[in-house]
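> The numbering of the sequence shown is my numbering, which starts it at 110 and goes up by one. Each residue gets a CB set at the ideal place from its N, CA and C atoms; glycine is no exception. All values derive from a computational prediction rather than experimental measurement.
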Amino acid sequence: MLARTPATAVPRGGAVRSRKVCASAVHPPAAAPSSPQQPPAAASSSSKGSLDGWIELSTKKSLASGNGVPKPSNVCRPEDLVLPPGELSAVDRTGKGLPSDVFRCFGCKEVACQGPTGCAKNQWRFDSDGYLRAVLTARVYDVAIQTPLEVAKKMSGASGNTIMLKREDLQPVFSFKLRGAYNKMASLPKSDLERGVITASAGNHAQGVALAAGRLGCKAIICMPVSTPDIKVANVRRLGGIVELVGESYQETQVWR
110 MLARTPATAV PRGGAVRSRK VCASAVHPPA AAPSSPQQPP AAASSSSKGS
160 LDGWIELSTK KSLASGNGVP KPSNVCRPED LVLPPGELSA VDRTGKGLPS
210 DVFRCFGCKE VACQGPTGCA KNQWRFDSDG YLRAVLTARV YDVAIQTPLE
260 VAKKMSGASG NTIMLKREDL QPVFSFKLRG AYNKMASLPK SDLERGVITA
310 SAGNHAQGVA LAAGRLGCKA IICMPVSTPD IKVANVRRLG GIVELVGESY
360 QETQVWR
């Protein structure tokens, strides 16, 4: 068994939750609908359409349940989401303030990161251009390729819509998982990379971490369940990852990590 040495954990996915809030225009209250499941009849038969009916119904409910001051409707028209070139929409990054909505690195004990806004190194998420700047400056294309969008002709024909497929299966590890793994590892200080990284995965993320470690010149320990197919284990080792088969399930493997 390989001795467990201090290493940086590379989380799977790494997605940060965010909640978009679209404030639509507030309309005067409409006549009460005949059924709570249907928009107001006057609105649905008018040129404004049924979507405006839902907005008016939502506004009326907010008036009835509040202090007489209408709240912005939570129903959006598609055109409300279209902005002039160069203008960024307002996005609520804080959600409802629930503990589960606060981002912190796995196992982080730093005092500065224990506040209500979470990780002190990720406060850029609250800037209006935070995510856009992070996307445009990400180093994922050091290892990834810009994969094409292709029309899925049969699915499009069957559904009556145009369905596009993002061909991330064309990436070096045949999935999108190397994007997050490499971007995280490329942002680590040199001292952290010298200690190596460790992660738990049963497949695609493991290959992404192994590839990233090879490109960045650091050691990567990949913890995989004992039930992992041999071909996936072989692919990780081929990319230079140090495989530790431990745990009967992914949950057990993650605990060992």
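When the distance is taken between beta carbons, is Arg276 closer than 7 Å to Pro257?
The residue you call residue 257 lines up with position 148 of the sequence shown. The residue you call residue 276 lines up with position 167 of the sequence shown. Going by C-beta atoms, Pro257 is nearer than 7 Å to Arg276.
> If you draw a straight line from the alpha carbon of Ala322 to that of Lys230, how long is it in whole angstroms?
Taking the sequence shown and counting its residues from 1, the one referred to as residue 322 is at position 213. Taking the sequence shown and counting its residues from 1, the one referred to as residue 230 is at position 121. Rounded to whole angstroms, Ala322 to Lys230 spans 22 Å at the Cα level.
> Keeping to the same chain, check which residues put their C-beta closer than 8 Å to that of Lys157; ignore five residues upstream and five downstream.
Position 48 of the sequence shown, counting from 1, holds the residue named residue 157. Its pLDDT being 46, under 50, Lys157 is placed unreliably by the model, and the measurement read from it follows with that caveat. Correct list: empty, nothing qualifies.
> Can you tell which of Ala290, Lys205, Glu196 has its C-alpha closest to the C-alpha of Gly317?
Within the sequence shown, numbered from 1, the residue matching residue 317 stands at position 208. The shortest C-alpha separation from Gly317 is found at Ala290.
> What does the Cβ neighbour count give for Ile340, buried or exposed, with the cut at 16 atoms within 10 Å?
Indexing the sequence shown from 1 puts residue 340 at position 231. Ile340 is exposed by the Cβ-count criterion.
> So Ile272 is in the alpha helix (DSSP H); what residue range does that whole segment cover?
Numbered from 1 along the sequence shown, position 163 holds the residue referred to as residue 272. Ile272 -> no alpha helix (DSSP H), and no H or E assigned at all.
> As an exercise, report each continuous beta strand (DSSP E) stretch of at least 3 residues that is fully enclosed by the stretch 213-276, in chain order.
Here the runs fully enclosed are 258-260, 273-275.
> Alpha carbon to alpha carbon, how far is Gln363 from Val306?
Numbered from 1 along the sequence shown, position 254 holds the residue referred to as residue 363. Numbered from 1 along the sequence shown, position 197 holds the residue referred to as residue 306. About 14 Å.
> Checking the sheet assignment: what are the DSSP bridge partners for Cys332?
Residue numbering aside, residue 332 sits at position 223 when the sequence shown is read from its first letter. Its beta-bridge partners are Ala309, Glu353.
> Inspect the beta-carbon positions of Val249 and Asn292 and report whether they are closer than 7 Å.
Position 140 of the sequence shown holds residue 249. Position 183 of the sequence shown holds residue 292. Closer than 7 Å, so yes.
> Beta-carbon within less than 8 Å of Cys228's beta-carbon, same chain only, minus the 5 sequence neighbours each way: which residues are those?
Position 119 of the sequence shown, counting from 1, holds the residue named residue 228. Excluding sequence neighbours, Cys228 sits near Phe212, Arg213, Cys214, Cys217, Cys222.
> Can Asp251 and Leu197 be called in contact, C-beta distance under 7 Å?
Mapped onto the sequence shown, residue 251 falls at position 142. Mapped onto the sequence shown, residue 197 falls at position 88. No. Outside cutoff.
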